[in-house]
Each structure stands twice: as C-alpha cells, then as structure tokens.
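Chemist: I am attaching a structure below and will ask some questions about it afterwards.
Residue numbers (my numbering): 2 to 72.
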C-alpha cells in the first residue's frame, strides 16, 4: 500500500502530465447537448491540484523550530 506522500506524488505527477498534454495540443471550449466543456477551466483545475499537492508535500517534509531561552 502506498504511503500518503507517495499518493500525493502520484497525483501531482499525473496532473502535470495531463497539463503538459493540454498545453502541447490545446483544445477549444465547446458545448454539446447543453453541456459546456471548458478545457481552460480544466487546466486551471489541474494547476490548483498541483499547487495543493505541493503544499501538502512541503508540509510532510521535516522541519526545524528554532527557539531561544533566556534566564
């Protein structure tokens, strides 16, 4: 079973691959049977997913807290 970090990395990787594909061969927005397909909105959604994954992955990294005591 994959860890949370591995799953986040996989989601990020898949989203980046889909973004690269959309940017290489952009598709137009269209409507069919009253339903609109907006590839621009989809690309923006993928970018938000990548940004969210970046935030979660950075939160999972080790960190250091510096404090200073006085007497």
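All C-beta atoms in this analysis are idealised placements derived from N, C-alpha and C, irrespective of residue type, glycine included.
If you're wondering where the values come from, they're calculated on a predicted model, not measured in any experiment.
Excluding sequence positions up to five away, which residues of its chain have a Cβ less than 6 angstroms from the Cβ of residue 39?
Modeler: Once the five neighbours on either side are set aside, the close Cβ partners of residue 39 are 30.
Chemist: Is the CB-CB distance between residue 44 and residue 23 below 7 angstroms?
Modeler: Their beta carbons are under 7 angstroms apart, which means residue 44 touches residue 23 by this criterion.
Chemist: Using the C-alpha atoms, what's the distance from residue 13 back to residue 56?
Modeler: Each residue's alpha carbon lies about 11 angstroms from the other.
Chemist: When you compare the CB positions of residue 9 and residue 58, do they come within less than 7 angstroms of one another, or not?
Modeler: Yes.
Chemist: Starting from residue 36, follow the beta strand (DSSP E) in both directions and report where the run begins and ends.
Modeler: Segment 36-38, the beta strand (DSSP E) holding residue 36.
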